[in-house]
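J.: Have a look at this one.
Residue numbers (the working numbering), protein chains in the order written: chain A, 1 to 471; chain B, 472 to 885.
Right, dumping it as structure tokens:
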């Protein structure tokens, strides 16, 4: 009896203490996955081919609209830079409004309006929205293309190019794509002083005719607006617009290196070196591998709890951050793992990059690691829905990528069904350890001997991806 | 309008709750009232280094990121000259995990030598990546000590030089934690699909047992009124010559803060602003031009900065800026100009109410300024600005003897 009594006291005592002192050694139990809800937009088509999507959300007194032309990758060839000049020129005034008057009209409303070769965007307080929207349409439909503006923009592009001459980051961005896709591919081509100098105002006008059009156009409204009102506005602004008919370009496939190679560019003034481990992949969003690849990428390099970050930053302190990204879409895209690394640690960092990729390709991830990655995705998917435009983004993605209608409604379910075997299989398929390209842009003097000593096949290039003679 | 409830725990921790049931998510934001301004002169960069160490494990939880990721949460932090701010977003059903993680690192860190060693290196790489390897990346490392002579705003958040970070010792780390990371020096905001009663119970369970610690009494030197024009020239491997002009202005809660803000908007907000129209479009002297406020809590700076078109001399560029500044100090701005920038401020404030995280961070910041409700009344202060007040402020501010000017030249023009 006494014994039982003491026990009861002890229980009471423990409970009393725990009310004040939580048990910090135990993590709280996780709750059920959040309930996901998003609104489908109202969707209809204008006779000229523009698809209109409207998401109504009256939480705040504002409306945003965007117009997006699905032209696909554009081959600019010897005229590389013409599309970015076209983008600039679309903001240089319309046939009825000089640039100064146009900018004044936008500014007066406190609105944001911008257009570019691939479309445009307007956002404003509700009371100014229709005016802002019509200004966007005016810039897309009636650009005045003044010669003086063209000369100014061209000279600015040349200055920009020059200003990035010695930037390791800019050189890396250019060289990685050029080497991966080749110079003849739309993704591999880049601006040079020569290509910019060859562009005339007529080239810009020709590009405008060809690519800025209602064909394959998506017009999205999000916010404090009724679908009927949006429709009236869409017809008023774009209803009678005519233009060239676009077809989505089909591009020749590019191959990966037969054997992993290291391509380096010397930038003697670089304080850090840019490392990119990359290979080309084919991954349509509708592929059965898609969700497993998302998780594999997350586990390898999706953030602060991923392998690359934990290794290169938290374990070795080589870099401020190391990440991986895996693209998906209709054409070829890339897997790449990147970091800006201390010059003297480049060779060690390359080894760690390849090691982590190899581990992904050869070892099954633990159930715990996989579950963590899934949970993170579940959370960030829910968080993304905070943006009321997300529903419209889903709908246009389904149309553009030709996905099943329930693609985003079943997104998390499919993600949660991915197994460790799936992750291993897709890592092997998409993360090309044996057919990769390691591009390093930086102070080669500090790492080239080390890399060669490790037995890598090292090739040297100049900052425009032209191979240097082998010594 | 951002609604909130407010209470204070027995140990002094201030807690604000913003209920928003339109999202399944929650945010837990903790602002520590410590920034680079609270550092000692020979230990700069410390507040920021410390922010990194906050992710190196706490007394009962070896890994911060893993348990959070497991419940679908994300986190990050930033340090400024004024504050250090940490935040978590996660599904509201897992809110308690955020309380568990944040309360444990407020209670005590693991203080591992290995973590200190690694983060010293990481911060040195961050210094290189963001300040040394970017064209013009070190401007603020030069401009701050020119514009401030007494106040600790004279050094940047990243620190004065790499050496001080490399020399950081574990004892310094522990002392810094004791001094600044306690409930009395923090403001917590919980927002999203939460109820105030639930937040209160969780706060009492996880945070109230943490000892109050000592209240840090800030006693920083006031920056004296500047009486002489200052100028400095630096050269570096940058593409274009640039000019940076800094003028002294009052602190964040000054009654004229919004006047300064609108003044900077009239000068450079958007492509129809004065500096953009005159200096970039008409005279084509600059390829970029901007006016803005540093927005610091103590006395701030009004900055005008621009990149020169090739071939334009620094003298001509500077004279052209002065001409615009003198013009705005000579005559009242027009009704149209004032309406335009007020519309813009209203848009910015409305658009900033979009995200839960922004709302939570703003509530914490305004609470630090004195009252979270200032967030909701800020717009009225903008509406109350008149062209007369703008004129007065421009006259007081754009004075040669109160300017600090940095010429940043490309190596070939030196």
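Ideal Cβ placement from N, Cα and C applies to all residues, glycine included.
Based on the DSSP output, what are the partners of residue 545 of chain B in its beta bridges?
T.: Taking the first residue of the second chain as position 1, residue 545 of chain B is located at position 74. The partner list for residue 545 of chain B (beta bridge, DSSP) reads B/560.
J.: Are any of the Cβ atoms in chain B nearer than 8 angstroms to that of residue 240 of chain A?
T.: Counting from one through the first chain, the residue named residue 240 of chain A turns up at place 240. Chain B, which has no Cβ nearer than 8 angstroms to the Cβ of residue 240 of chain A, makes this no.
J.: Below 8 angstroms on the Cβ atoms is my contact criterion, and I expect residue 804 of chain B with residue 850 of chain B to pass it. Report the Cβ-Cβ distance as a whole number of Å.
T.: The count along the second chain starts at 1 and reaches residue 804 of chain B at position 333. The count along the second chain starts at 1 and reaches residue 850 of chain B at position 379. About 20 angstroms separates the two Cβ atoms, so there is no contact after all.
J.: Name the chain B residues whose beta carbon is nearer than 8 angstroms to that of residue 35 of chain A?
T.: Along the first chain, one-based indexing puts residue 35 of chain A at 35. Going along chain B in sequence order, the residues near residue 35 of chain A (Cβ under 8 angstroms) are 495.
J.: Suppose only complete runs of 4+ residues qualify. What are the alpha helix (DSSP H) ranges in the stretch 329 to 370 of chain A, listed by chain order?
T.: Runs of the alpha helix (DSSP H) inside the stretch 329 to 370 of chain A: 346 to 362.
J.: Tell me, which residues are paired with residue 589 of chain B by DSSP?
T.: Locating residue 589 of chain B in the second chain gives position 118, counting from the first residue. According to DSSP, residue 589 of chain B bridges with nothing at all.
J.: Where in the stretch 614 to 677 of chain B do unbroken runs of the alpha helix (DSSP H), each at least 4 residues long, occur, reported from the N-terminal end onward?
T.: Those alpha helix (DSSP H) runs which fall completely within the stretch 614 to 677 of chain B and span 4+ residues are 633 to 637, 641 to 651 and 667 to 677.
J.: Please list the residues of the stretch 708 to 719 of chain B that have a C-beta atom closer than 7 angstroms to any C-beta atom in chain D, keeping them in chain order.
T.: The chain labelled as chain D is not found among the protein chains of the depicted structure, namely A and B.
J.: Could you tell me whether the Cβ of residue 304 of chain A comes closer than 8 angstroms to any Cβ of chain B?
T.: By one-based count along the first chain, residue 304 of chain A stands at place 304. Residue 304 of chain A counts as touching chain B.
J.: Of all the options A/436, A/66 and A/71, which has the alpha carbon lying nearest to the alpha carbon of residue 213 of chain A?
T.: Reading the first chain from its first residue, position 213 is the one you call residue 213 of chain A. The shortest Cα separation from residue 213 of chain A among A/436, A/66 and A/71 belongs to A/71.
J.: Taking 8 angstroms as the cut-off, decide whether the C-beta atoms of residue 86 of chain A and residue 264 of chain A are in contact.
T.: For this step, residue 86 of chain A is matched to residue 86 along the first chain. For this step, residue 264 of chain A is matched to residue 264 along the first chain. No.
J.: Would you verify that the beta carbon of residue 100 of chain A is, or is not, closer than 8 angstroms to some beta carbon of chain B?
T.: Reading the first chain from its first residue, position 100 is the one you call residue 100 of chain A. Yes, residue 100 of chain A lies at the interface with chain B (some Cβ there is under 8 angstroms from its Cβ).
J.: Out of curiosity, what's the CA-to-CA distance linking residue 582 of chain B and residue 636 of chain B?
T.: Counting from 1 along the second chain, the entry for residue 582 of chain B is found at position 111. Counting from 1 along the second chain, the entry for residue 636 of chain B is found at position 165. Going by the C-alpha atoms only, they are around 16 angstroms apart.
J.: Given that a residue counts as buried once 16 or more other Cβ atoms are within 10 Å of its Cβ, and exposed if not, what is residue 255 of chain A?
T.: The count along the first chain starts at 1 and reaches residue 255 of chain A at position 255. The residue is exposed, with fewer than 16 neighbouring Cβ atoms inside 10 Å.
J.: Can you find a C-beta in chain B that's less than 8 angstroms from the C-beta of residue 14 of chain A?
T.: Along the first chain, one-based indexing puts residue 14 of chain A at 14. With a pLDDT of 38 at residue 14 of chain A, under the threshold of 50, the modelled position of this residue cannot be trusted, and the question is left open.
J.: Does DSSP classify residue 281 of chain A as helix, strand or coil?
T.: Locating residue 281 of chain A in the first chain gives position 281, where the first residue counts as 1. Note: residue 281 of chain A maps to strand in three-state DSSP.
J.: Taking only three categories from DSSP, how would you classify residue 489 of chain B?
T.: Stepping through the second chain from its first residue, residue 489 of chain B is reached at position 18. Of the three classes helix, strand and coil, the one that applies to residue 489 of chain B here is strand, per DSSP.
J.: How should residue 10 of chain A be labelled, buried or exposed, when 16 other C-beta atoms within 10 angstroms of its C-beta is the threshold for buried?
T.: Counted from its first residue, the first chain places residue 10 of chain A at position 10. Note on residue 10 of chain A: pLDDT 38, under 50, position unreliable in the model; no value is reported.
J.: Less than 8 angstroms between CB atoms is the rule here; does residue 222 of chain A satisfy it with respect to chain B?
T.: Locating residue 222 of chain A in the first chain gives position 222, counting from the first residue. Answer no: the Cβ-Cβ gap between residue 222 of chain A and chain B never drops below 8 angstroms.
J.: The alpha helix (DSSP H) that contains residue 290 of chain A, what's its start and end?
T.: Here the question's residue 290 of chain A lines up with position 290 in the first chain. Segment 290 to 301, the alpha helix (DSSP H) holding residue 290 of chain A.
J.: Between residue 266 of chain A and the rest of its own chain, which residues show a CB-CB distance below 6 angstroms, the 5 nearest in sequence each way excluded?
T.: Locating residue 266 of chain A in the first chain gives position 266, where the first residue counts as 1. Same-chain partners within the cutoff: 444.
J.: Output, in chain order, the set of chain B residues within a Cβ distance shorter than 7 angstroms of residue 320 of chain A.
T.: Within the first chain, numbered from 1, the residue matching residue 320 of chain A stands at position 320. Per Cβ cutoff of 7 angstroms: 593, 596, 597 and 600.
J.: Using only the alpha-carbon positions, how far apart do residue 448 of chain A and residue 347 of chain A sit?
T.: Taking the first chain and counting its residues from 1, the one referred to as residue 448 of chain A is at position 448. Taking the first chain and counting its residues from 1, the one referred to as residue 347 of chain A is at position 347. So the two alpha carbons sit approximately 8 angstroms from each other.
J.: Anyone know if the C-beta pair for residue 734 of chain B and residue 865 of chain B falls short of 8 angstroms?
T.: Stepping through the second chain from its first residue, residue 734 of chain B is reached at position 263. Stepping through the second chain from its first residue, residue 865 of chain B is reached at position 394. A contact, by the Cβ cut-off of 8 angstroms.
J.: Determine the contact status of residue 776 of chain B and residue 715 of chain B, defining contact as a CB-CB distance below 8 angstroms.
T.: Translated into positions along the second chain, residue 776 of chain B becomes position 305. Translated into positions along the second chain, residue 715 of chain B becomes position 244. In this structure, residue 715 of chain B lies closer than 8 angstroms to residue 776 of chain B by Cβ.
J.: Which residues in chain B have a C-beta closer than 9 angstroms to the C-beta of residue 268 of chain A? List them in chain order.
T.: In the first chain, the residue the question calls residue 268 of chain A occupies position 268. In chain order: nothing, as chain B lies at least about 11 angstroms away.
J.: Which whole runs of the alpha helix (DSSP H) in the stretch 366 to 431 of chain A are 4 residues long or more, in chain order?
T.: Fully enclosed alpha helix (DSSP H) runs of 4 or longer: 367 to 384, 390 to 400, 411 to 416 and 420 to 430.
J.: For a cutoff of 8 angstroms on Cβ pairs, would you count residue 603 of chain B as touching chain A?
T.: Within the second chain, residue 603 of chain B is the residue found at index 132, counting from 1. True, the Cβ-Cβ gap to chain A drops below 8 angstroms.
J.: What is the DSSP secondary structure of residue 234 of chain A, reduced to helix, strand or coil?
T.: Locating residue 234 of chain A in the first chain gives position 234, counting from the first residue. In the structure shown, residue 234 of chain A sits in a helix (DSSP, three-state: H, G or I).
J.: Counting only beta-carbon separations shorter than 8 angstroms, does residue 885 of chain B have a partner in chain A?
T.: Here residue 885 of chain B refers to the residue found at position 414 of the second chain. Low local confidence applies: a pLDDT of 47 at residue 885 of chain B is under 50, so the model's placement there is unreliable, with the coordinate-based value given in what follows. Cβ-Cβ to chain A under 8 angstroms: no for residue 885 of chain B.
J.: Please identify the residue among A/425, A/156 and A/106 whose C-alpha is closest to the C-alpha of residue 807 of chain B.
T.: Locating residue 807 of chain B in the second chain gives position 336, counting from the first residue. Checking every option, the nearest Cα to that of residue 807 of chain B belongs to A/106.
J.: Since residue 535 of chain B is in the beta strand (DSSP E), which residue starts that stretch and which ends it?
T.: In the second chain, counting from the first residue as 1, residue 535 of chain B sits at position 64. It is not in any beta strand (DSSP E) - residue 535 of chain B carries neither H nor E in the DSSP assignment.
J.: Whole beta strand (DSSP E) runs in the stretch 690 to 723 of chain B with 3 or more residues, listed along the chain?
T.: The qualifying runs are 701 to 707 and 713 to 720.
J.: Classify residue 258 of chain A as buried or exposed, calling it buried when 16 or more other Cβ atoms lie within 10 Å of its own Cβ.
T.: Indexing the first chain from 1 puts residue 258 of chain A at position 258. Looking at its Cβ environment, which holds fewer than 16 other Cβ atoms inside 10 Å, residue 258 of chain A is exposed.
J.: Going straight from the alpha carbon of residue 379 of chain A to that of residue 860 of chain B, what length do you get?
T.: Locating residue 379 of chain A in the first chain gives position 379, counting from the first residue. Locating residue 860 of chain B in the second chain gives position 389, counting from the first residue. If you take the alpha carbons of residue 379 of chain A and residue 860 of chain B, they lie about 48 angstroms apart.
J.: By the 7 angstroms beta-carbon criterion, what residues does the stretch 570 to 588 of chain B contribute toward chain A?
T.: Flagged, chain order: 571 and 575.
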